[in-house]
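Enquirer: Protein chains in written order, with full-length UniProt numbering: chain A, 1 to 294; chain B, 1 to 294. The C-beta atom is built at its ideal place from N, Cα and C for all residues, glycine as well. If you scroll down you'll find the structure; I have some questions about it.
Protein chains: 2
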Amino acid sequence: MPTKLIAVLIAVSEDRPMVLTLEGGRVLPSGPLEAGHRSLQTGLRLWVERQTGHALGHVEQLYTFADAPDNDAGDERSVLISYLALTRIHRGEHGWRNWYDYFPWEDQTAPDGRALVARIAARLEDWARAAPPALGAVRRQRIALTFGLEGLGWDDELVLQRYELLWEAGLVPESAPPGGAAVRGQDMAGDGRRILATAMARLRAKIRYRPVIFELMPDSFTLLHLQRTVEAVAGQAMHKQNFRRLITQQDLVEETAEVAPDTRGRPARLFRFRREVIGARRIAGSKLPLTRPV
Amino acid sequence: MPTKLIAVLIAVSEDRPMVLTLEGGRVLPSGPLEAGHRSLQTGLRLWVERQTGHALGHVEQLYTFADAPDNDAGDERSVLISYLALTRIHRGEHGWRNWYDYFPWEDQTAPDGRALVARIAARLEDWARAAPPALGAVRRQRIALTFGLEGLGWDDELVLQRYELLWEAGLVPESAPPGGAAVRGQDMAGDGRRILATAMARLRAKIRYRPVIFELMPDSFTLLHLQRTVEAVAGQAMHKQNFRRLITQQDLVEETAEVAPDTRGRPARLFRFRREVIGARRIAGSKLPLTRPV
DNA sequence: CTAATTATACTCATAACGAGCATAATTAGG
DNA sequence: CCTAATTATGCTCGTTATGAGTATAATTAG
Chain A
1 MPTKLIAVLI AVSEDRPMVL TLEGGRVLPS GPLEAGHRSL QTGLRLWVER QTGHALGHVE
61 QLYTFADAPD NDAGDERSVL ISYLALTRIH RGEHGWRNWY DYFPWEDQTA PDGRALVARI
121 AARLEDWARA APPALGAVRR QRIALTFGLE GLGWDDELVL QRYELLWEAG LVPESAPPGG
181 AAVRGQDMAG DGRRILATAM ARLRAKIRYR PVIFELMPDS FTLLHLQRTV EAVAGQAMHK
241 QNFRRLITQQ DLVEETAEVA PDTRGRPARL FRFRREVIGA RRIAGSKLPL TRPV
Chain B
1 MPTKLIAVLI AVSEDRPMVL TLEGGRVLPS GPLEAGHRSL QTGLRLWVER QTGHALGHVE
61 QLYTFADAPD NDAGDERSVL ISYLALTRIH RGEHGWRNWY DYFPWEDQTA PDGRALVARI
121 AARLEDWARA APPALGAVRR QRIALTFGLE GLGWDDELVL QRYELLWEAG LVPESAPPGG
181 AAVRGQDMAG DGRRILATAM ARLRAKIRYR PVIFELMPDS FTLLHLQRTV EAVAGQAMHK
241 QNFRRLITQQ DLVEETAEVA PDTRGRPARL FRFRREVIGA RRIAGSKLPL TRPV
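Following this line, the structure appears as structure tokens:
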């Protein structure tokens, strides 16, 4: 059975979370597993760095699965090992897409974020209503939990659960019945979006207890820039003063002598990540300082 | 490249965390990946349930890696996909081992827990001293962090990091130089202990935010029994009153009409897990109510 | 009847968190 | 120069979560 490695390369550019894609945004980069590497992880790292020229920061394995065999093509079923990798990009490189193109409802910082969820919830309610009463109730419960309805609160880590719910409901192109109208959001080939959803969920979880967000930042940055990057990844707006408190209290950053050059209001001091905390204990406060969603 | 599935089956029996092994405790159960299953996960579940007769509760994928090819045997290198699975056992079944037989230092509830860590730390200090000064300092920092020295506090989730440190230092049989004396603890063939360490770490992390601990409990139990089970998994003693507060406040359990039969002091009420919270939001308080390690 | 043992209910101080007020230091535009 | 707009930064305050311990209840062993 052939084995492939799949990389979800993530960067944040101009406060937007980006993912590296190929073939017009429809597939994620992947390559065959080559023998001879010391470990799968170093194999992936070498391969990506050679293919894309990007130095990778944090790399972690996501999930391994057997893909659906493409019977038409007579393909053999293969084992896919997926990875999350963080890096930085510069403007103008090709193939980078905003990950919210694929999951518009995951961006709860957008002005229409809640409204979009409400529209999706209405479609899902149709799906629940189409089932027998007992099953319908189960579905309603899942919908409320995953989409934070009925006062339950939005959980930004449930990216995969939301996608799978839409998949089951036939509301994504990957699973929609002929003629069925899918929810807005670009699709990918095969399991692409499922893998991307897994990567997003993992990253959103990770930034709460490991300082991986700095892998996505330039060397020096303002606290607002840092906040915007976290908000981009989490898809949620945060309370500015409390965000600073969280960052500074934990000594994650240190001041530089400079202030940000292009600025509108009061100039902001530039900070730098204190690399020495990398190995250190988990960062405190697993809770991000969200603002109340109004 | 052949692909194998490896299962780390965990149960808790008489307040001891147990793992299912074969061949005198030296290997974990594994089997070939069979085509035709809907997913790897269901494939594993069916296979384990057929082989062992155990109904599995929670199952989750751990990690996929390429094992070191056994050149002597002329083996081909293979891809190993490991899983954590929770179940229950009854006395007298074969092959179940206390996981602390493999990692004695992970049991910080044992009276000699800290003393054992101190002895290991001394051996590791030798290893740090053997390196050039700069590298030695890095090693000392890692040792202090992973083993909670110098007032840093024991982090029960660092099981894998501790094992890998000992591996690097040549203090486990898997890596010890000829004639080198390893730290106490039974070894396993190949990457067995590394996989077990991964499973332990994952489970210790998981019980903090998902109610998976109940997969290891009988239908009804006292709060002390529940506490002992959590302590067995976490390897750390907890504050009794605060433990109850954490469990009851979150409505994870409901009272039954009965009290525990065989009891020494005041009879304890029997509780039952409220299955309806399974799908629900993550359980609060990621912190377990530890007692101060004195 | 007493000591030992376990269960259970509360209290209290402190730390963490969510929310917001107040002030400082800029630029843009009259 | 003056004012409004804008962003940065410092600080307060109430609430909740957490760590630690006291007090009391209900049993059994002797």
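For the candidate residues A/Phe65, A/Gln41 and A/Arg50, whose alpha-carbon lies nearest to that of B/Leu44?
Expert: As a first step, residue 44 of chain B is located in the second sequence; it is residue number 44 there, counting from the start. Checked all of A/Phe65, A/Gln41 and A/Arg50; the closest Cα to B/Leu44 is A/Phe65.
Enquirer: Please identify the residue among A/Glu231, A/Ala237, A/Trp105 and A/Leu62 whose C-alpha is closest to the C-alpha of A/Gln186.
Expert: In the first sequence, residue 186 of chain A corresponds to position 186, counting from 1. Residue A/Trp105 is the option with its Cα nearest to A/Gln186.
Enquirer: What did DSSP end up calling B/Val8 once you bin it into helix, strand or coil?
Expert: Numbered from its first residue, the second sequence carries residue 8 of chain B at position 8. When secondary structure is reduced to three states using DSSP, B/Val8 falls in the strand class.
Enquirer: So, is B/Val294 buried or exposed, given that buried needs 16 or more other C-beta atoms within 10 angstroms?
Expert: Counted from its first residue, the second sequence places residue 294 of chain B at position 294. Because the pLDDT of B/Val294 is 49, which lies under 50, any placement of that residue in the model is unreliable, and the question is left without a value.
Enquirer: I need the boundaries of the alpha helix (DSSP H) containing B/Arg228, first residue and last residue.
Expert: On the second sequence, residue 228 of chain B is found 228 positions in, with the first residue counted as 1. From DSSP, the alpha helix (DSSP H) with B/Arg228 extends over Leu223 to Ala234.
Enquirer: Beta-carbon separation of A/Val27 and A/Ala85 under 8 Å?
Expert: Position 27 of the first sequence, counting from 1, holds the residue named residue 27 of chain A. Position 85 of the first sequence, counting from 1, holds the residue named residue 85 of chain A. No, they are not a contact pair.
Enquirer: What does B/Val79 touch in chain A if you count any residue whose Cβ is under 7 Å from its own?
Expert: In the second sequence, residue 79 of chain B corresponds to position 79, counting from 1. What B/Val79 touches in chain A: Thr3 and Val79.
Enquirer: Restricting to Cα atoms, I'd like to know which of B/Ala181, B/Glu157 and B/Leu196 is closest to B/Arg208.
Expert: Position 208 of the second sequence holds residue 208 of chain B. Nearest of B/Ala181, B/Glu157 and B/Leu196 to B/Arg208, Cα basis: B/Glu157.
Enquirer: Given 8 Å as the limit, is there contact between the region 230-238 of chain A and the region 196-211 of chain A, that is, 3 or more CB pairs closer than that?
Expert: Taking 8 Å as the limit for Cβ pairs, the verdict is that the region 196-211 of chain A does touch the region 230-238 of chain A.
Enquirer: Could you tell me which chain B residues have their CB closer than 8 Å to the CB of A/Tyr63, listed as they occur along the chain?
Expert: Taking the first residue of the first sequence as position 1, residue 63 of chain A is located at position 63. Chain-ordered, the chain B residues with CB closer than 8 Å to the CB of A/Tyr63 read Gln61.
Enquirer: By the criterion of Cβ-Cβ separation under 8 Å, what are the contact partners of A/Leu152 in chain B?
Expert: Here residue 152 of chain A is taken as the residue at index 152 of the first sequence, counted from 1. Here the neighbours are Arg281.
Enquirer: Counting pairs of beta carbons, one from the region 126-133 of chain B and one from the region 92-108 of chain B, are three or more of them closer than 8 Å?
Expert: no
Enquirer: Looking at A/Ala55: is its Cβ nearer than 8 Å to the Cβ of A/Thr87?
Expert: Reading the first sequence from its first residue, position 55 is the one you call residue 55 of chain A. Reading the first sequence from its first residue, position 87 is the one you call residue 87 of chain A. Taking 8 Å as the Cβ cut-off, A/Ala55 and A/Thr87 qualify as a contacting pair.
Enquirer: Identify, in the order they occur along the chain, each residue of the same chain with its Cβ nearer than 6 Å to the Cβ of A/Thr146, setting aside the five sequence neighbours on each side.
Expert: Along the first sequence, read from residue 1 onward, the residue named residue 146 of chain A stands at position 146. Here the set comprises Leu158, Gln161, Arg162 and Leu165.
Enquirer: Closest to B/Thr291 by CA distance: which of B/Leu171, B/Glu168 and B/Ala234 is it?
Expert: As a first step, residue 291 of chain B is located in the second sequence; it is residue number 291 there, counting from the start. The residue with the shortest Cα to Cα distance from B/Thr291 is B/Ala234.
Enquirer: How big is the Cα-Cα spacing for A/Ala121 and A/Gly148?
Expert: One-based indexing of the first sequence puts residue 121 of chain A at position 121. One-based indexing of the first sequence puts residue 148 of chain A at position 148. Distance between the alpha carbons of A/Ala121 and A/Gly148: 10 Å.
Enquirer: What does the Cβ neighbour count give for A/Leu152, buried or exposed, with the cut at 16 atoms within 10 Å?
Expert: In the first sequence, the residue the question calls residue 152 of chain A occupies position 152. By the Cβ-count criterion, A/Leu152 is exposed, with fewer than 16 other Cβ atoms from all chains shown falling within 10 Å of its own Cβ.
Enquirer: Mind listing the chain B neighbours of A/Arg142? Cutoff is C-beta to C-beta under 9 Å, in chain order.
Expert: Here residue 142 of chain A is taken as the residue at index 142 of the first sequence, counted from 1. Those within 9 Å of A/Arg142 in chain B are Gly279.
Enquirer: In or out: B/Leu22 buried (at least 16 other Cβ within 10 Å) or exposed?
Expert: In the second sequence, residue 22 of chain B corresponds to position 22, counting from 1. Exposed: under 16 other Cβ atoms inside 10 Å.
Enquirer: Spell out whether any CB of chain B is found under 8 Å from the CB atom of A/Ala130.
Expert: One-based indexing of the first sequence puts residue 130 of chain A at position 130. No - not a single Cβ of chain B is within 8 Å of the one on A/Ala130.
Enquirer: What does A/Leu40 reach in chain B if we use C-beta pairs closer than 9 Å?
Expert: Taking the first sequence and counting its residues from 1, one reaches residue 40 of chain A at position 40. Chain B residues near A/Leu40: Thr64, Phe65, Ala66 and Val79.
Enquirer: Would you mind sorting B/Thr42 into buried or exposed? The rule is 16 or more other CB atoms within 10 Å of its CB.
Expert: The residue you call residue 42 of chain B lines up with position 42 of the second sequence. Label assigned to B/Thr42: exposed.
Enquirer: To the nearest angstrom, how far is it from the Cα of B/Gly180 to the Cα of B/Ile195?
Expert: Here residue 180 of chain B refers to the residue found at position 180 of the second sequence. Here residue 195 of chain B refers to the residue found at position 195 of the second sequence. Approximately 23 Å, taken between the alpha carbons.
Enquirer: Could you tell me the distance, in whole angstroms, from the CA atom of A/Ala144 to the CA atom of A/Trp154?
Expert: The count along the first sequence starts at 1 and reaches residue 144 of chain A at position 144. The count along the first sequence starts at 1 and reaches residue 154 of chain A at position 154. For A/Ala144 and A/Trp154, the distance between alpha carbons rounds to 10 Å.
Enquirer: Using the C-alpha atoms, what's the distance from B/Arg123 back to B/Ala176?
Expert: Within the second sequence, residue 176 of chain B is the residue found at index 176, counting from 1. Within the second sequence, residue 123 of chain B is the residue found at index 123, counting from 1. Approximately 13 Å between the Cα atoms of the pair.
Enquirer: Determine the chain B residues that contact A/Asp251 at a beta-carbon separation under 9 Å, and present them in chain order.
Expert: Taking the first sequence and counting its residues from 1, the one referred to as residue 251 of chain A is at position 251. What A/Asp251 touches in chain B: nothing, since even the nearest Cβ is about 15 Å away.
Enquirer: In whole angstroms, what separates the C-alpha of A/Leu5 from that of A/Ala197?
Expert: Looking up residue 5 of chain A in the first sequence gives position 5. Looking up residue 197 of chain A in the first sequence gives position 197. The alpha-carbon atoms of A/Leu5 and A/Ala197 are separated by roughly 17 Å.
Enquirer: Report the rounded CA-to-CA distance for A/Leu223 versus B/Val172, giving the unit in angstroms.
Expert: Stepping through the first sequence from its first residue, residue 223 of chain A is reached at position 223. Stepping through the second sequence from its first residue, residue 172 of chain B is reached at position 172. Between A/Leu223 and B/Val172, the C-alpha separation is close to 45 Å.
Enquirer: In the DSSP assignment, find the unbroken alpha helix (DSSP H) run with B/Gln161 in it and report its ends.
Expert: As a working mapping, residue 161 of chain B is identified with position 161 in the second sequence. Val159 to Glu168 is the span of the alpha helix (DSSP H), which, as asked, contains B/Gln161.
Enquirer: In whole angstroms, what separates the C-alpha of B/Pro2 from that of B/Leu33?
Expert: On the second sequence, position 2 is the one that residue 2 of chain B refers to. On the second sequence, position 33 is the one that residue 33 of chain B refers to. The alpha-carbon atoms of B/Pro2 and B/Leu33 are separated by roughly 8 Å.
Enquirer: Would you identify the three-state DSSP class for A/Trp154, choosing helix, strand or coil?
Expert: As a working note, residue 154 of chain A is residue 154 in the first sequence. In this structure, A/Trp154 counts as coil in the three-state DSSP scheme.
Enquirer: Using a Cβ-Cβ distance under 8 Å, would residue 337 of chain A count as near chain B?
Expert: Summary: the structure shown does not reach residue 337 of chain A, with chain A confined to residues 1 through 294, and so no result is reported for it.
Enquirer: Between B/Phe273, B/Leu40 and B/Ile89, which lies nearest to B/Pro211 when the distance is taken from Cα to Cα?
Expert: Locating residue 211 of chain B in the second sequence gives position 211, where the first residue counts as 1. The residue with the shortest Cα to Cα distance from B/Pro211 is B/Phe273.
Enquirer: Below 8 Å on C-beta distance, what does residue 327 of chain A contact in chain B?
Expert: The requested residue 327 of chain A does not occur in the structure, where chain A is confined to residues 1 to 294.
Enquirer: In or out: A/Val259 buried (at least 16 other Cβ within 10 Å) or exposed?
Expert: Along the first sequence, read from residue 1 onward, the residue named residue 259 of chain A stands at position 259. The residue is exposed, with fewer than 16 neighbouring Cβ atoms inside 10 Å.
Enquirer: Keeping to the same chain, check which residues put their C-beta closer than 8 Å to that of B/Gly192; ignore five residues upstream and five downstream.
Expert: As a working note, residue 192 of chain B is residue 192 in the second sequence. Once the five neighbours on either side are set aside, the close Cβ partners of B/Gly192 are Arg26, Val27 and Leu28.
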